[in-house]
Amino acid sequence: MTESKWRVLIGSRSFGKRFPEHITRLEEAGCQVIPNGVGRAYRAAELLAELPGMDAIITGTDELTADVIAAAPSLKTIAKHGVGLETIDLAAAKAGGIVVSATPGTNHESVADLTLALILALARGVVQSHNDVAQGGWKAFYGMELLDKTLGIVGLGRIGKAVCVRAQAFGMVVMAHDPYPDTAWAAAHSVPLVPLAELLAQADVLTLHAAAEMIDRPLIGAPELAAMKPTALLINSARGALVDEVDLVDALRTGQIAGAGLDAFDHEPPAASPLLGLNNVILTAHLGGRTVDAQRKQGEMCIENLLRALRGEEPLYRVA
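For the sequence shown, the working numbering begins at -7 and goes up steadily by one.
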């Protein structure tokens, strides 16, 4: 067995779960792998005890605060198993000379697939009809065709672009809002770039694909929900912090919007959320990137990022 040169804590619950060969690859490269000992994302207080003495961490949504990072002087790299960085204090990592990496481009197709699944299921009342039939009913649910409906995309990055291509295949009219747009791509795909206010007013379906770490308040709250059509659907397969859940519950209860499909929440799992009692929502357990295909690619890129950083080389995708 290869002698261990580095100690690596696994925070991400999904890393190595379906692909144990990812753990083997780390061990063969000289890593002593310490598995997640809590069965969920580590809280800051737990990492204060676990992280000291580690050379690296593969993280999901673990609370890597400034205090946690300061308490781990041997830490050389933080390898994000995914793309969201809102639970990592990037400034503290940079100040400590710690290399932070992520795995973009590995799960965007999977997230886009789930986004379209949520849109279709909401538009056609699939979950409501299933529940009704399973209980012995046979109600007619009158839904909405996607043809010629307007899809508003907030965030035209990799995922937003993949959603756009799928939606256009269904005959939807796509508009987008992005503060840093890829104007050439948008023009080539006939996607007008508009202010958020216009997108809210025009969209029959609004789907969110923005980065939560770029905002200091929810992107969608009471004012934005009030600006949407009463027949509109809201999809969030990005980050829970993008939506004010209290305001969303009010909008769904009062019919201010018609429905919502959520794959991300303020608190996961949303065990005490009033969203659970509504019949015009579809809730999924942050499944966006959870396909076999995406998890394989994500794990492989995460390993490569981590090993390169430990060897003093540049990772495939560095964020700090």
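Note that the Cβ used here is the ideal one computed from N, Cα and C, for glycine as well. Keep in mind it's a predicted model, so treat the numbers as computed, not measured.
- Non-local beta-carbon contacts of PRO222 in its own chain, meaning distances under 8 Å to residues more than five positions away in sequence, involve GLY247, GLN248, ILE249, ALA250 in chain order.
- Straight through space, the alpha carbons of SER265 and LEU198 are spaced by roughly 22 Å.
- Taking the CA atoms as reference points, GLY76 sits about 37 Å from ALA126.
- Scanning its chain for C-beta atoms nearer than 7 Å, with the 5 sequence neighbours on each side dropped, one finds around VAL166 the residues LEU143, ILE145, CYS156, ALA159, GLN160, VAL183, in chain order.
- Taking the CA atoms as reference points, ALA219 sits about 8 Å from ALA189.
- Listed in chain order, the non-local C-beta contacts of LEU112 below 8 Å within the same chain comprise VAL118, LEU138, local neighbours out to five positions each way being set aside.
- A Cβ-Cβ distance of about 5 Å is found for the pair SER4 and ILE50, placing them in contact under the 8 Å criterion.
- When VAL0, SER(-4), GLY8, ILE2 are compared, the shortest CA-CA separation from GLY291 is found for GLY8.
- Taking 7 Å as the cut-off, the beta carbon of SER229 is found closer than this to the beta carbon of GLY280.
- Listed in chain order, the alpha helix (DSSP H) runs fully inside the region 166 to 195 are 175 to 180, 188 to 194, counting runs of at least 4 residues.
- In this structure, the alpha-carbon of ASN271 lies about 23 Å from that of PRO215.
- When the five nearest sequence neighbours on each side are left out, the beta carbons in the same chain lying within less than 7 Å of the beta carbon of ARG17 are those of ILE295, in order along the chain.
- DSSP links ARG310 through a beta bridge to SER93.
- Taking a cut-off of 8 Å for Cβ pairs, the region 80 to 88 and the region 39 to 48 do not touch, as fewer than three such pairs fall below it.
- Here the alpha carbons of VAL91 and ALA301 stand approximately 7 Å from one another.
- When C-alpha distances from LEU110 are compared across GLY253, VAL284, ARG288, the shortest belongs to GLY253.
- Ranking LEU226, THR69, ARG310 by CA distance to the CA of ALA256 puts LEU226 first.
- Leaving aside the five residues that flank ASP54 on each side, the residues in its chain whose CB is nearer than 6 Å to its CB run, in chain order, GLY3, ALA33, TYR34.
- Shown here for MET46: same chain residues with a beta carbon closer than 8 Å to its own, the five before and five after excluded, namely ARG(-1), VAL0, LEU1, ILE26, ALA64, SER66, LEU67 in chain order.
- Ranked by Cα distance from THR98, the options PHE162, GLY74, ALA168 are led by GLY74.
- A residue is called buried once 16 or more other Cβ atoms fall within 10 Å of its Cβ, and VAL284, having fewer, is exposed.
- In the displayed model, THR142 falls within a strand according to three-state DSSP.
- Contact between ASP170 and LEU191 does not hold, since their C-beta atoms are separated by about 10 Å, which reaches or exceeds 8 Å.
- The beta carbon of GLU205 sits closer than 7 Å to the beta carbons of LEU77, GLU78 from its chain, once the five residues preceding and following it are set aside; these are given in chain order.
- Note on the region -3 to 43: whole beta strand (DSSP E) runs with a minimum of 3 residues are -2 to 2, 23 to 26, in chain order.
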